[in-house]
Structures are given as C-alpha cells and as structure tokens.
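There are 2 protein chains.
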Amino acid sequence: MAGIRAAQKEKTRRALIQAAMNQLSAEHGYASLSLREVAREAGIAPTSFYRHFQNMEELGLTLVDEGGLTLRQLLRQSRQQIAKGGSIIRASVTTFMEFVSNNTAIFRLLLQEKSGNSRDFRLAVTREVEHFTAELVDYLVAEQKFTRELAELQADAIVRIVFSAGADALDADHKEKQRLTEQTIAQLRIVARGAEATRLAAKTKE
Amino acid sequence: MAGIRAAQKEKTRRALIQAAMNQLSAEHGYASLSLREVAREAGIAPTSFYRHFQNMEELGLTLVDEGGLTLRQLLRQSRQQIAKGGSIIRASVTTFMEFVSNNTAIFRLLLQEKSGNSRDFRLAVTREVEHFTAELVDYLVAEQKFTRELAELQADAIVRIVFSAGADALDADHKEKQRLTEQTIAQLRIVARGAEATRLAAKTKE
DNA sequence: AAATTGAGCGAACACTTGTACTCTGAACTG
DNA sequence: CAGTTCAGAGTACAAGTGTTCGCTCAATTT
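The listed protein sequences correspond, in order, to chains A and B. So in this note's numbering, the last spot in the first sequence is 207, and the numbers never skip. So in this note's numbering, the last spot in the second sequence is 207, and the numbers never skip.
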C-alpha cells in the first residue's frame with residue numbers, strides 16, 4: 002500500500018507545476034506558456050502532459066489555486082505580526098511587500114489573470130482576493146468596532162490600494178520598494194483617519 | 002500635392018489599428034494577437050503589414066498611445082463636469098465609469114499591459130497613468146490648498162482605487178457598475194476626509 | 001503466477017505562426 | 001512623358017503549436 006506508483010505520479014505533477022512557475026516571469030506570462038516547453042522543463046514527453054492535466058487551462062487554474070494558498074499564508078503571517086503588537090498598518094504592509102518580493106512569479110500570475118482573458122481565471126482570482134478582503138472586514142468589525150458597512154468600504158479601499166502598490170513593487174528595485182511601502186503606509190493611515198471621521202460624523206448625526 | 006497615395010497608406014494604417022482593436026476582447030488579449038489575423042481583418046496580405054509597422058510590438062505600443070489619448074479626453078471631460086459645479090467626486094467617478102463602459106477594449110488593454118509582459122508596454126502605460134495622477138495633484142494643490150506631499154499621497158491613492166474599480170467594472174453588468182460607482186464615491190469621500198484630518202493634524206502640531 | 005492497469009514515449013498530423021524574397025502596378029517626380 | 005518610388009500581393013520556408021494513436025513495461029491487483 003506504499004503507492005510507489007501514485008507517489009511518482011504526484012512527483013511529476015509537482016514537476017509540471019514547478020516548471021510552469023519557472024517559466025512565468027516578467028517577460029513570459031501565462032498566455033505565452035506552451036505545453037511542450039513546460040513538458041520539456043519537467044522532463045517528460047509532451048504527450049505525457051495529458052496524464053496529469055486535460056488542458057493548459059487546467060494547469061493554469063491549478064497555479065491560481067496555488068497562489069490562493071500563498072495568499073492565505075500571507076494572512077496568517079500578518080496576523081502573527083499584529084499579535085506581536087506595534088503598528089498594525091506598518092506590520093501588514095511590510096509583510097505584504099515582503100511576500101510580493103518572495104513570491105514574485107505567483108503574484109504576477111494573480112495580478113495578470115485578475116484582468117486576464119479567461120473568465121474562469123478572473124473568477125478564481127477574484128474569489129481569492131475577496132477572501133482576503135473578508136478577513137479584513139471581520140478584523141475591522143471585531144477589533145475596531147466599525148459598522149459592517151463602513152468596514153466593507155474601508156477594507157475594499159485598502160485592498161485596492163495595497164494590491165495596486167504590490168503590482169508596482171514587482172518591477173521595482175529595493176529603494177523603490179521602500180518608497181512604495183512608506184507611501185502605502187501613509188495612504189492607509191489617511192484611509193483609517195477618514196473612516197474614523199466618517200464614523201464620528203455618522204454618530205453625531207443621530 | 003493631394004497625397005492620394007499617402008492618404009491611402011494612412012487609411013490602411015488606421016484599418017490595421019482598428020482591426021487590432023476589434024480583436025481585443027475579454028477573451029482575446031494583446032498577447033494572443035496574431036499579425037496574420039490582424040492583416041486578414043484589415044483586408045491586406047500578411048506581408049504588407051510590414052509597410053506600416055516593424056513588429057507587432059510597434060502596433061501594440063501605438064494602441065497604448067491611442068489609449069493615452071483617450072485617457073486625456075477623459076480628463077478634459079471630467080474638468081468640464083467639475084466646472085459645471087456640483088460634487089467633484091461624484092462627477093469625476095461617473096465620467097470615469099462611463100468612459101470605461103464606452104472604451105472597454107482600450108481600457109482592458111491598458112489595464113492588462115500595466116502588469117503585462119513587455120517592459121516597454123508597462124512603462125508606456127505607467128507614463129499615461131502618471132500623467133493622470135499629476136493632473137489630480139495639481140488640482141488638489143491649486144484648488145484645495147493641500148501641501149504637495151499630502152496631495153501626492155491622496156492623488157495616488159485615488160487613482161489606485163478608481164482604476165482598480167474600473168477594472169472590475171469591465172466585467173460587470175449595469176447594476177453591478179452602479180454599485181461599484183457608489184462604492185467608489187464613498188471611498189473617495191473617506192480618503193478626502195482622511196486627507197483633511199491629516200492636514201489639520203499637521204497644522205496643530207506646528 | 002497471471003492479468004490488468006496506466007504513466008510515459010515516439011511518430012505523425014494538421015495547423016498557425018512570423019518573415020524573407022521577388023514581382024506588379026499605380027502614384028508621384030523631374 | 002519617362003523614370004522612380006513604394007504599398008501591396010504571392011510564394012515559400014523554417015519553426016513552432018496542440019493533439020491523436022498505438023506501444024512498452026513496471027507497478028498493482030486478482
């Protein structure tokens with residue numbers, strides 16, 4: 002029952018995924034990914050590809066899922082940073098930026114396919130990002146006592162700003178990344194202040 | 002000196018650009034654009050393409066420029082709306098969203114190539130967006146008396162939020178677009194309030 | 001021990017791709 | 001009017017693409 006056969010299959014499956022990842026770069030996106038090249042890098046014949054995935058699309062969706070997993074790791078890591086105390090905003094933004102630097106290929110994939118050419122891809126990415134936003138909403142409601150409505154507005158704005166800055170960070174050198182990080186932190190502080198002011202304005206109206 | 006020849010050349014050049022535009026859709030991006038198909042739709046032989054562009058890349062950059070032109074139209078239109086009085090934020094966001102709806106193909110191109118696979122493309126798009134941000138900064142400094150630093154933070158945040166919402170609007174139906182518009186307006190109000198609060202905080206500190 | 005399964009291979013097929021070359025004929029120039 | 005220019009067409013080629021088919025042979029099951 003060792004499943005030496007199933008284990009081997011899983012291994013080359015991982016090799017295929019890894020090969021696809023390796024070929025994703027700033028210059029070559031998912032769209033220009035070729036079955037034959039992926040198979041070559043994974044060390045199998047082109048035809049054997051079909052033992053693992055029906056299409057390139059199926060491989061692609063697997064990559065997006067992989068990216069979602071990574072995003073969830075990021076969430077966990079952020080929560081740990083927050084638990085340690087200190088500035089929540091600063092901690093979150095810096096962990097996010099570090100993550101972008103360490104997982105460039107996968108972030109690029111997510112960002113590209115978010116406005117890419119396959120509806121399934123777009124939906125898959127949107128789902129992952131929404132998961133991210135939802136976590137933030139929960140935090141704002143539970144810890145900071147915002148109304149759900151205001152929390153949703155705020156969280157959505159934050160995610161838009163942070164992901165957009167993350168996209169810019171993909172191309173940036175170290176110095177530029179630092180600038181982006183500080184800028185994003187300052188912007189989130191503005192948003193936080195604005196949300197706070199909005200909450201007060203709503204309260205005094207009652 | 003009529004230039005009946007030059008006119009014809011310009012005409013088929015426009016036909017090529019138009020053909021390329023037509024082939025850009027939610028399903029078919031720039032990356033999967035083929036010289037032969039573009040030439041076919043423009044009604045010329047594949048080889049004649051080279052009389053007008055050296056590469057597909059050159060055609061692509063032309064499309065991006067075209068998009069930049071469109072963005073500048075948007076700016077002008079927004080300013081007219083603002084001059085009419087009323088809510089600046091509401092006017093700007095609604096004109097932006099209308100523009101996205103009416104120029105879907107070109108916006109999709111800009112959004113995709115902003116994080117696309119050609120460095121030249123990314124730079125070209127970034128340049129256009131920066132132009133957009135710069136205009137907003139000028140407005141905030143001149144009309145609202147913000148410091149340049151705060152205006153830049155605010156403008157950049159606004160552009161990130163609006164363009165990100167615009168990207169979502171590409172796929173959305175009418176109802177969803179309205180929701181997005183209202184949401185974006187509310188978010189920009191939060192940012193405005195936050196910036197205002199930040200300005201006050203800085204002042205009292207002096 | 002015999003039978004079955006299935007990952008991986010190699011050959012082959014029917015395309016599509018970009019691009020180099022040569023030629024034509026209408027528009028322009030002197 | 002003769003000569004030149006040049007947009008566009010046609011042919012051809014080499015290189016790549018995804019996918020089907022039948023085969024092998026080790027792992028697994030009966």
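All C-beta atoms in this analysis are idealised placements derived from N, C-alpha and C, irrespective of residue type, glycine included.
Legend entry - Within 9 Å, strictly: CB atoms of valine 163/A and valine 94/A: With contacts defined by Cβ atoms closer than 9 Å, valine 163/A and valine 94/A form a contacting pair.
Legend entry - Length of the line joining the Cα atoms of alanine 193/B and glutamine 155/B: Rounded to whole angstroms, alanine 193/B and glutamine 155/B show a C-alpha spacing of 8 Å.
Legend entry - Closest by C-alpha distance to aspartate 169/B, when choosing among Leu181/A, Ile186/A, Arg190/A, Gly117/A: Closest option to aspartate 169/B, Cα to Cα, is Gly117/A.
Legend entry - threonine 205/B classed as buried or exposed, judged by whether at least 16 other C-beta atoms fall within 10 angstroms: In summary, threonine 205/B is exposed, with fewer than 16 beta-carbon neighbours lying within 10 Å of its beta-carbon over all protein chains present.
Inset, instruction - Please list the residues of the stretch 146-161 of chain A that have a C-beta atom closer than 8 Å to any C-beta atom in chain B, keeping them in chain order. - result: Taking 8 Å as the Cβ-Cβ cut-off against chain B, the residues of the stretch 146-161 of chain A that qualify are Leu154, Gln155, Asp157, Ala158, Arg161.
Inset, instruction - Check glycine 30/A in the structure and name its three-state DSSP category. - result: Reduced to three states, the DSSP call for glycine 30/A is coil.
Inset, instruction - Give the secondary structure of glycine 61/A by DSSP, where H, G and I count as helix, E and B as strand, and everything else as coil. - result: In the three-state reduction of the DSSP assignment, glycine 61/A falls in the helix class.
Inset, instruction - Indicate whether the contact test is met: 3 or more Cβ pairs, each with one atom in the stretch 18-34 of chain A and one in the stretch 54-66 of chain A, closer than 8 Å. - result: As far as the Cβ criterion goes, the stretch 18-34 of chain A touches the stretch 54-66 of chain A, which means the pair count is three or higher.
Inset, instruction - Report the three-state DSSP secondary structure of leucine 72/B (helix, strand or coil). - result: In the structure shown, leucine 72/B falls within a helical segment according to DSSP collapsed to helix, strand and coil.
Inset, instruction - Name the residue from Ala203/B, Arg73/B, Leu189/B whose alpha carbon lies nearest to the alpha carbon of arginine 91/B. - result: The shortest C-alpha separation from arginine 91/B is found at Leu189/B.
Inset, instruction - State the Cα-Cα distance for the pair alanine 125/A and leucine 112/B, rounded to the nearest angstrom. - result: The alpha-carbon atoms of alanine 125/A and leucine 112/B are separated by roughly 18 Å.
Legend entry - Burial state of glycine 195/B, where buried means 16 or more other Cβ atoms lie within 10 Å: In the assembly as shown, glycine 195/B is a buried residue. Its beta-carbon has 16 or more other beta-carbons within 10 Å.
Inset, instruction - Report yes or no: do the stretch 41-51 of chain A and the stretch 69-83 of chain A share at least 3 C-beta pairs separated by less than 8 Å? - result: Output reads no: the stretch 69-83 of chain A does not touch the stretch 41-51 of chain A.
Inset, instruction - List the residues of chain A that glutamate 28/B touches, going by C-beta distances under 7 Å, in chain order. - result: Taking a Cβ-Cβ threshold of 7 Å, the residues of chain A close to glutamate 28/B are Asn118, in chain order.
Legend entry - Chain-ordered residues of the stretch 67-90 of chain A with a beta carbon less than 7 Å from chain B: Result list empty, no residue passes.
Inset, instruction - With a 10 Å radius around its C-beta and 16 neighbouring C-beta atoms as the bar for buried, classify threonine 148/A as buried or exposed. - result: Classification of threonine 148/A: exposed, given that the 10 Å Cβ count is below 16.
Legend entry - Amino acids of chain A, ordered along the chain, whose beta-carbon sits closer than 8 Å to that of leucine 112/B: Close partners of leucine 112/B in chain A (Cβ separation under 8 Å): Ser116.
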